[in-house]
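> This is the structure, below, for whatever I ask next.
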């Protein structure tokens, strides 16, 4: 999540000056504004040097509708009427990088497929080197927007883990995505076998990417892998799902200054056997999934009541 910091009065208008430069600077070869977002359904799209085909727009809107219904089913919350997810998509990486630096002071690499800004409520991304990654990226970041709409503070691992899980639904899986997901379980199982998985007492309280970088020797992607696997473990059983949702929507978590630590403490206190037993079950789940022996989970059914739009 992007954080705003206090600045001297004289500099308070600097972001607006920078934003104005972004909108009109010839360096970008285009102008960027909120008026660029168009579309129907939940998705609003602003595309630059990129042809957004109707088929993709329909697919993303279908995905957003499913995501909202599944979040409502799991967490018992909906979105406000008129809620939309805004996507700013660039056809060229250089334009994506220039916009990110000018508007958000954010330096991006091609490893950062996209990001969601809670301050401006927009998702910024680009065409992607491997084009098949664009739709999963749009859905992953769309999950961040939905979670930001529905909740207050959340455990950091769940912010990314749930986005990976919801953003890669079975209905959207092609052969490439299926292979990528299975490779993730194999990587995790190798870490388990080599004793390289961090303890959950260490991982669950982590609250930012810097903590993951230190934990995984700079390989932040492993933090995503762990978050995804934990969320999948919770979603593998209706009672576990209910347990997780109860913590997330609980007042103690939402009002906590450190929701990641609050979540970890609650599991240790309330899960049978505490964190050690929970961790043992998680390890077993990783092994099963890596060996493709896990029983298939029943398809997610839409919420009985459609969320307000």
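Residue numbers (my numbering): -11 to 297. Think of the CB as a built atom: it goes at the ideal place given N, C-alpha and C, for glycine as much as any other residue.
1) By DSSP, does residue 11 sit in helix, in strand, or in coil?
2) When the Cα of residue 260 is compared with those of 238, 243, 228 and 245, which residue comes out closest?
3) I'd like to check one pair, residue 63 with residue 237: are the Cβ atoms closer than 9 Å?
4) Drop a sphere of 10 angstroms on the beta-carbon of residue 239, count the other beta-carbons inside from all chains shown, and report buried for 16 or more, exposed for fewer.
5) Just the Cα atoms here: how many angstroms apart are residue 87 and residue 96?
6) Could you check how far apart the C-beta atoms of residue 126 and residue 75 are, in whole angstroms? I think they sit under 8 Å.
7) Which stretch, first to last residue, makes up the alpha helix (DSSP H) that contains residue 150?
8) Which one of 135, 121, 258 and 221 has the shortest CA to CA distance from residue 57?
9) Near residue 194, which residues of its chain fall below 8 Å by C-beta distance, leaving aside the five closest residues on each side in sequence?
10) Determine the direct distance from the alpha carbon of residue 219 to that of residue 156, and round the result to whole angstroms.
11) Quick one: Cα of residue 118 to Cα of residue 101, how far?
12) List the whole-angstrom C-beta distance separating residue 273 from residue 231, where the pair is believed to meet the contact cut-off of C-beta under 8 Å.
13) Can you give the Cα-Cα distance for residue 208 and residue 198, rounded to whole angstroms?
14) If you measure between the beta carbons of residue 141 and residue 109, is that distance less than 9 Å?
15) Indicate whether residue 66 and residue 52 have their beta-carbon atoms separated by less than 9 Å.
16) Can you tell me which of the three DSSP states residue 30 falls into?
17) Taking the alpha helix (DSSP H) that residue 174 falls in, what are its first and last residues?
18) To the nearest whole angstrom, what separates the beta carbons of residue 40 and residue 77, a pair I think is in contact under 8 Å?
19) Nearest-angstrom Cα distance between residue 154 and residue 148?
20) Would you kindly work out how many angstroms separate the C-alpha atoms of residue 11 and residue 163, rounded to a whole number?
21) Does DSSP classify residue 208 as helix, strand or coil?
22) By DSSP, does residue 105 sit in helix, in strand, or in coil?
23) Bridge partners of residue 113, per DSSP?
24) Would you check if the distance between the CB atom of residue 43 and the CB atom of residue 33 is smaller than 9 Å?
25) Assuming residue 242 and residue 139 are in contact, meaning their beta carbons sit under 8 Å apart, how far apart are those beta carbons, in whole angstroms?
26) Just to confirm my understanding: we take residue 185, look at its own chain, exclude 5 residues before and 5 after, and list those with CB closer than 6 Å. What are they?
27) Below 8 Å on the Cβ atoms is my contact criterion, and I expect residue 176 with residue 150 to pass it. Report the Cβ-Cβ distance as a whole number of Å.
28) Here's the rule I'm using: 16 or more other beta-carbon atoms within 10 Å means buried, otherwise exposed. How should residue 105 be labelled?
29) What span of residues does the alpha helix (DSSP H) with residue 71 cover, start to end?
30) Are the Cβ atoms of residue 252 and residue 192 separated by less than 9 Å?
31) In its own chain, which residues sit with a C-beta less than 6 Å from the C-beta of residue 122, not counting the 5 before and 5 after it?
32) Classify residue 9 as buried or exposed, calling it buried when 16 or more other Cβ atoms lie within 10 Å of its own Cβ.
33) Check whether the Cβ atoms of residue 277 and residue 173 sit closer than 9 Å, and answer yes or no.
In brief:
1) Here the model assigns residue 11 a pLDDT of 47, short of 50, so the residue's position is not dependable and the matter cannot be decided.
2) 228
3) yes
4) exposed
5) 10 Å
6) 6 Å
7) 144 to 154
8) Nearest of 135, 121, 258 and 221 to residue 57, Cα basis: 135.
9) Contacts found: 144, 145, 200, 203, 211 and 248.
10) 13 Å
11) 10 Å
12) The pair is not a contact, with the Cβ atoms about 15 Å apart (cut-off 8 Å).
13) Between residue 208 and residue 198, the C-alpha separation is close to 8 Å.
14) no
15) no
16) coil
17) Residue range 163 to 181 is occupied by the alpha helix (DSSP H) that includes residue 174.
18) Sure, about 7 Å apart at Cβ, within 8 Å.
19) 10 Å
20) Below a pLDDT of 50, predicted positions are generally treated as unreliable, and residue 11, at 47, falls in that range; no measurement from the model is reported.
21) coil
22) The answer is strand: DSSP assigns residue 105 an E or B state.
23) Partner residues in the beta bridge of residue 113, as assigned by DSSP, are 77 and 102.
24) no
25) 7 Å
26) 179
27) Incorrect: roughly 17 Å between the Cβ atoms, too far for contact.
28) By the Cβ neighbour-count rule, residue 105 is buried, with 16 or more other Cβ atoms within 10 Å of its own.
29) Residue 71 -> no alpha helix (DSSP H), and no H or E assigned at all.
30) yes
31) Counting only Cβ-Cβ distances below 6 Å, and skipping sequence neighbours, we find 116.
32) At residue 9, the pLDDT of 44 sits below 50, so the modelled position is not reliable; the number obtained from the coordinates is stated separately. That one is exposed.
33) yes
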